[in-house]
Amino acid sequence: MDYDVWSVIAKFDQSADYLVSYSHLYRIGISVVILCFFLGLRNIFTRHITYWLSKFFNATQVAANDYLLTAAKSPASNTIITLGLYLALANYLPTTYEPILSKILSSFIVIFTAQGIHALVKLYGNDTETLGRLLDTKVDQILIPFFSKVLRFLIIALAFVVIASNWGYDVNGFIAGLGLGGLAFALAAKDLLANIFSGIVIITDKPFSIGDWIKTNEVEGTIIDINFRSTKIRTFEHALVTVPNSNLVNAPIVNYTKRQLRRITFNLGVSPHTDSNALKNCIERIEIILTQHPSIDNTTIFVKFDSISENSLNIFLYFFTTTTVWEEYLTIKQEVNLLIMQILKEEGVSLSCPRTSHYFATPLEVVNAGTATPNYKT
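Just so you know, we're using numbering that gives the first Met the number 0 here: the sequence shown kicks off at 0 and counts up by one.
Pasting the structure below:
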């Protein structure tokens, strides 16, 4: 049998084309399957995972979870789709395209991350009430939206720098320009920035909150407002004092509201003619009423016969109330004082009275019985 060489070669070419075409279609099919899988994964994430995350956050009572889920939902969904496209294209295209595909993928991940953070900052910036509850303080209604815009701009600028650097562009000039602009602004508004950063420290560190009673070297009163520039304090004379935040950050602060107990201490002076047994009974009974009082901390109570003076026998009292509220503190102090007066009366003990002795060079002469009148002899 005679074979036509060229016809055999042509058949081999047809078979090769068929195999190449089959391999091509196979890769396309695999890529389509990968893409469909990630599309389904995105739908699962959107419909189910976010729902269960929302249920979990509500159960744990984590603050402001709605904003976190809202901000993360779209970037996460876009990231899943982008990852699916990357794997589908990487499966179909030759390996020579791998470097550029990796750069594209990393660029989109940076974009979606910036998108999520940008959305979160915008949500909190537009809802200062929720932000105030999250930080447990009153936030500035003007500064927060302003700083939200500044922060969003910085997020976009940072994303641009990262993407440009990823593609091999020199971003040093851009960063230097931002640095020079920031330096000029910082020099022009040095005091303002000092107060703003101090306000951030106060809000995050929380040495005091609105409603707290504080005392510094300069002012004492109740905090009525905290913002990024200053803190407003209402003194006990009802004067309003505005203190720059930088002054408060650098000054020692006594926060009376943060204390758990409030001290009462004084010396009780009784008559120097008091019998020792009566004095002992008074001390024991006073200690008992303090120990049994429901609003007095019984871990630290001192009632001791402390000293003897010319006009009195001094009993030292030292104890703490379980409340720090001023009005309740005064009420407890009044109750204790009344109980002490009752004990002294029952024991026949009188309070000491200051005495003054007068000495006359010439003795007084009694003229009429029951009436003493001075008779100065010359």
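Ideal Cβ positions, reconstructed from N, Cα and C, are used throughout, including at glycine.
- The C-alpha of L34 is placed about 8 Å away from the C-alpha of L86.
- Counted as a single uninterrupted DSSP element, the stretch harbouring L92 is not any beta strand (DSSP E), since DSSP gives it neither H nor E.
- Taking 8 Å as the cut-off, the beta carbon of I201 is found closer than this to the beta carbon of I225.
- Beta-bridge analysis with DSSP links E219 to K214.
- DSSP, reduced to helix, strand and coil, places K332 within a helical segment of the structure shown.
- S351: not part of any beta strand (DSSP E); DSSP gives it neither H nor E.
- Setting aside the 5 residues that flank it on each side, P206 is surrounded in the same chain by I252, each with a C-beta closer than 6 Å to its C-beta; the list follows chain order.
- Taking C-beta atoms as the reference points, V335 and L289 count as a pair closer than 8 Å.
- Proximity of the stretch 307-322 to the stretch 266-284 meets the contact definition, three or more beta-carbon pairs being nearer than 8 Å.
- Nearest neighbour of E236 by Cα position, chosen from V242, S229, P243, T221, turns out to be T221.
- Sequence-distant Cβ neighbours of N280 in its own chain, meaning closer than 7 Å and more than five residues away, are E346.
- Cβ atoms of S245 and A277 stay farther apart than 8 Å, at about 60 Å.
- Following the DSSP letters along the chain, one finds L312 in no alpha helix (DSSP H) but inside the beta strand (DSSP E) bounded by residues 312-320.
- Taking C-alpha positions only, T298 is separated from S351 by approximately 30 Å.
- Between the C-alpha atoms of L100 and A89 there is a straight-line separation of about 7 Å.
- Taking a C-beta distance under 8 Å as the contact criterion, I27 and Y91 qualify as a contact pair.
- Following the DSSP letters along the chain, one finds L267 inside the beta strand (DSSP E) bounded by residues 261-269.
- As the crow flies, the alpha-carbon of T322 is around 10 Å from that of T256.
- In summary, L337 is exposed, with fewer than 16 beta-carbon neighbours lying within 10 Å of its beta-carbon over all protein chains present.
- Three or more beta-carbon pairs drawn from the stretch 70-82 and the stretch 104-113 are found closer than 8 Å, and the two stretches are therefore classed as touching.
- Across the set F319, E283, V302, the C-alpha of F319 shows the shortest separation from the C-alpha of I295.
- Per the C-alpha coordinates, the member of E327, D211, P243, I282 positioned closest to R258 is D211.
- The Cβ atoms of V149 and S197 lie no closer than 8 Å to each other.
- L343 and I282 have their C-alpha atoms spaced approximately 10 Å apart.
- For I103, the CB contacts under 8 Å within the same chain, skipping 5 residues up- and downstream, are Y85 in chain order.
- Here N42 carries a helix assignment [DSSP, helix/strand/coil].
- Rounded to whole angstroms, the gap between the alpha carbons of S76 and I209 is 41 Å.
- Y317 places its beta carbon 8 Å or farther from that of R261.
- Q341 and S306 have their C-alpha atoms roughly 23 Å apart.
- Between A70 and G39, the CB-CB gap reaches or exceeds 8 Å.
- Cβ-Cβ distances below 7 Å link F37 to I79, I80, L82, G83 in the same chain, with the five nearest sequence neighbours on each side left out; the list follows chain order.
- Going by DSSP, N246 is part of the alpha helix (DSSP H) stretching over 244-248.
- Here the alpha carbons of A238 and T361 stand approximately 59 Å from one another.
- Under the three-state reduction of DSSP output, K344 falls in the helix class.
- In terms of Cβ geometry, F152 and I195 do not form a close pair [threshold 8 Å].
- Membership of K231 in the beta strand (DSSP E) is indicated by the continuous run 229-234.
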